[in-house]
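Engineer: Taking this note's numbering, the leading residue of the sequence shown gets 187, the next gets one more, and so forth.
Where a beta carbon is used, it is the ideal one built from N, C-alpha and C, also for glycine.
Computed from a prediction, not measured in an experiment: that's the story for all the values here.
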Amino acid sequence: MNNSDRELFGCRTALDEQVEQCAELLPVLSRAMHCEITTLGQELDVTPAQVKVLIQLSRHEQMSVGDLADALFVSMPAASEIVDRLVDTGHLVRRSDPADRRRVIVSATLESQLAISRLVELRRTQVRKALLRLPPEERPVAVHTLKALIAELGSHDELRVAASRRAPRPG
187 MNNSDRELFG
197 CRTALDEQVE
207 QCAELLPVLS
217 RAMHCEITTL
227 GQELDVTPAQ
237 VKVLIQLSRH
247 EQMSVGDLAD
257 ALFVSMPAAS
267 EIVDRLVDTG
277 HLVRRSDPAD
287 RRRVIVSATL
297 ESQLAISRLV
307 ELRRTQVRKA
317 LLRLPPEERP
327 VAVHTLKALI
337 AELGSHDELR
347 VAASRRAPRP
357 G
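Here you go:
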């Protein structure tokens, strides 16, 4: 029986079952991660998109608005708008790049850095607990699997094209 015969007769392979299980688990994982971002957003009184900017800045300390747009797969105007709101609410500091006065560099305030550090540490703790549930020899497989899934879900270029095709939001 070949693959097309299996499809015709409704036979499911072990791979089909694994694909189905993973496809069902991905939204659960996504919701759990989004929940953490939403909770931190409420604590800081910022939107989930703004939390994502702060997370990027926790990884890079300071970035240009263009670099933020690239990292978040959003347009430059969208990134500028998010940055403007974060500056207005005291979560970011904006300054000119000393090497190129035309370039604007932003960094998180100390309060925002501390809040994001708590989120990052919470995620690390959760991942550590999850990995500890696995036998030591399976932990590298878990990391490898996540990397393969991320690679297959779409390259940065594909995500950028998809983000640029979104209809602009009104007002």
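1) Among Q248, P326, V260, whose alpha-carbon lies nearest the alpha-carbon of T295?
2) Which partner residues of S303 appear in the DSSP bridge assignment?
3) Considering S250, what are the terminal residues of the alpha helix (DSSP H) in which it resides?
4) Here's a check: name, in chain order, each residue in its chain whose Cβ is nearer than 8 Å to the Cβ of G357, leaving out the five neighbours to either side.
5) If you drop the 5 nearest sequence neighbours on each side, which residues of the same chain put their C-beta closer than 8 Å to that of H277?
6) Per DSSP, which residues does D283 bridge with? Please list them.
7) Just verifying my parser: in three-state terms, what is the DSSP assignment at V232?
8) Within a Cβ cutoff of 7 Å, which residues of the same chain sit near L308, ignoring the five residues on either side of it in sequence?
9) Do you know how far the Cα of R280 is from the Cα of V273?
10) Buried or exposed for Q204, please, with buried defined as at least 16 other CB atoms from any protein chain shown within 10 angstroms of its CB.
11) Quick one: grab the DSSP three-state call for V260.
12) For S293, which residues does DSSP report across the bridge?
13) Under 8 Å by Cβ, that's how I've got S244 and I302 pegged, so tell me the actual separation to the nearest angstrom.
14) So, with DSSP's three-state summary, where would you put E213?
15) Please work out which residues of its chain come closer than 6 Å, Cβ to Cβ, to A353, disregarding the five sequence neighbours upstream and downstream, and give them in chain order.
Structural biologist: The answer reads as follows:
1) Here residue 295 refers to the residue found at position 109 of the sequence shown. For T295, the nearest C-alpha among the options comes from Q248.
2) For the purposes of this step, residue 303 is identified with residue 117 of the sequence shown, where counting begins at 1. Answer is none; S303 lacks a bridge partner.
3) Indexing the sequence shown from 1 puts residue 250 at position 64. Here S250 belongs to no alpha helix (DSSP H); instead the beta strand (DSSP E) covers 248-250.
4) Within the sequence shown, numbered from 1, the residue matching residue 357 stands at position 171. Because the pLDDT at G357 is just 43, under 50, the model does not fix this residue reliably, and the value given afterwards should be weighed accordingly. There are no such residues.
5) Locating residue 277 in the sequence shown gives position 91, counting from the first residue. Excluding sequence neighbours, H277 sits near L230, V232, Q236, L240, A294, T295, E297, S298.
6) Position 97 of the sequence shown holds residue 283. DSSP, once it has assigned bridges, lists D286 as partnering D283.
7) Within the sequence shown, residue 232 is the residue found at index 46, counting from 1. In the structure shown, the three-state DSSP call for V232 is coil.
8) The residue labelled residue 308 in the question sits at position 122 within the sequence shown. Closer than 7 Å at the Cβ level, and outside the excluded window around L308, lie E222.
9) For this step, residue 273 is matched to residue 87 along the sequence shown. For this step, residue 280 is matched to residue 94 along the sequence shown. Cα to Cα, V273 sits roughly 7 Å from R280.
10) In the sequence shown, residue 204 corresponds to position 18, counting from 1. That one is exposed.
11) Walking along the sequence shown from the start, residue 260 turns up at place 74. Secondary structure at V260: coil, using DSSP grouped into helix, strand and coil.
12) Walking along the sequence shown from the start, residue 293 turns up at place 107. According to DSSP, S293 bridges with Q248, V279.
13) As a position in the sequence shown, residue 244 is number 58, starting the count at 1. As a position in the sequence shown, residue 302 is number 116, starting the count at 1. Indeed they touch by this definition, with Cβ atoms about 4 Å apart.
14) In the sequence shown, the residue the question calls residue 213 occupies position 27. Checking the sequence, you will find Pro at residue 213 rather than Glu. P213 falls in the helix class under three-state DSSP.
15) Numbered from its first residue, the sequence shown carries residue 353 at position 167. Its pLDDT being 45, under 50, A353 is placed unreliably in this model, and the value from its coordinates should be taken loosely. Cβ within range, chain order: n/a, list empty.
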